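Q: Residue numbers (my numbering): 65 to 236. All C-beta atoms, glycine included, are put in the ideal place defined by N, C-alpha and C. Given the structure is predicted, the values throughout are model-derived calculations rather than measurements. After the structure tokens below, expect a handful of questions from me.
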């Protein structure tokens, strides 16, 4: 059975250098999936560098799943065109939240971990996971896969992570 690991807030900040899917531009929107939970941004018309700044909220459960993103070009009279996809492994932010509890870091902003681009992730550049007053935050730039170009910026915040339970059982 899956247990709640906290509340995940995903801000879809912006996209850059997106591909053209209409005559000279695109009408992009993003679908974000975490397990069976789905969130969607609004459509931004005729824009290859859209700014959404939209917050989507998900319940994070154990075992931790991957955050999947798909970008589409909204079309009126035919199926929406694919504009790329990306994913974000949430394990680093979850393990950092646990570390924050163990270290009992509770106030101020402190960098607890850095995640670097590798062949098994979509990161464009190094990403920091920071402790903030009520959780941990990771700012990321992800490369859109399956297309010629495009990047998407997210701000991911994990809140209300349950306390670490330490077992002090004694048998005798």
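Answer yes or no: do residue 220 and residue 201 have a C-beta to C-beta separation smaller than 8 Å?
A: For this step, residue 220 is matched to residue 156 along the chain shown. For this step, residue 201 is matched to residue 137 along the chain shown. Yes; because the gap between Cβ atoms is below 8 Å, this pair is in contact.
Q: Evaluate contact between the stretch 106-120 and the stretch 157-164, counting only Cβ atoms and requiring at least three cross-stretch pairs below 8 Å.
A: With a cut-off of 8 Å on Cβ pairs, the stretch 106-120 is not in contact with the stretch 157-164, counting fewer than three such pairs.
Q: Given residue 113, which residues of its chain have a CB within under 8 Å of its CB, disregarding the five upstream and five downstream residues?
A: Residue mapping note: residue 113 aligns to position 49 of the chain shown, counting from 1. Taken in chain order, the residues that qualify are 78, 79, 80, 81 and 82.
Q: In terms of DSSP beta bridges, what is residue 174 paired with?
A: As a first step, residue 174 must be located in the chain shown, where it is residue number 110. Note: residue 174 sits in a beta bridge opposite 195.
Q: Tell me which residue opens and which closes the alpha helix (DSSP H) that residue 239 is part of.
A: The structure shown has nothing for residue 239, since the chain only spans 65 to 236.
Q: Which residue wins for smallest C-alpha separation from residue 165, given the options 213, 124, 122 and 199?
A: Taking the chain shown and counting its residues from 1, the one referred to as residue 165 is at position 101. That would be 199, whose Cα lies nearest to the Cα of residue 165.
Q: Pull up the distance between the alpha-carbon of residue 143 and that of residue 177, whole angstroms please.
A: In the chain shown, counting from the first residue as 1, residue 143 sits at position 79. In the chain shown, counting from the first residue as 1, residue 177 sits at position 113. Taking the straight line joining both Cα atoms gives about 41 Å.
Q: Provide the residue(s) that pair with residue 205 in DSSP beta bridges, ordered along the chain.
A: Counting from 1 along the chain shown, the entry for residue 205 is found at position 141. Beta bridge pairing from DSSP links residue 205 with 217.
Q: By how many angstroms is the C-alpha of residue 149 removed from the C-alpha of residue 217?
A: Residue numbering aside, residue 217 sits at position 153 when the chain shown is read from its first letter. Residue numbering aside, residue 149 sits at position 85 when the chain shown is read from its first letter. Those two C-alpha atoms are separated by around 13 Å.
Q: At which residues does the beta strand (DSSP E) containing residue 132 begin and terminate?
A: By 1-based counting over the chain shown, the position of residue 132 is 68. Here the beta strand (DSSP E) through residue 132 covers 130-137.
Q: Rounded to whole angstroms, what is the Cα-Cα separation between residue 173 and residue 193?
A: Translated into the one-based positions of the chain shown, residue 173 becomes position 109. Translated into the one-based positions of the chain shown, residue 193 becomes position 129. Going from the Cα of residue 173 to the Cα of residue 193 covers about 10 Å.
Q: Could you check where the beta strand (DSSP E) with residue 99 kicks off and where it finishes?
A: The residue given as residue 99 occupies position 35 in the chain shown. Careful: residue 99 lies outside any beta strand (DSSP E) and carries neither H nor E.
Q: Which residues in the same chain as residue 175 place their Cβ atom closer than 6 Å to its Cβ, once the five residues preceding and following it in sequence are excluded?
A: In the chain shown, the residue the question calls residue 175 occupies position 111. Result list for residue 175: 192 and 194, in chain order.
Q: For residue 147, tell me which candidate among 103, 187 and 85 has the shortest Cα-Cα distance.
A: Here residue 147 is taken as the residue at index 83 of the chain shown, counted from 1. Among 103, 187 and 85, the Cα nearest to that of residue 147 belongs to 85.
Q: Is it true that the CB of residue 96 sits closer than 8 Å to the CB of residue 138?
A: By one-based count along the chain shown, residue 138 stands at place 74. By one-based count along the chain shown, residue 96 stands at place 32. Not closer than 8 Å, so no.
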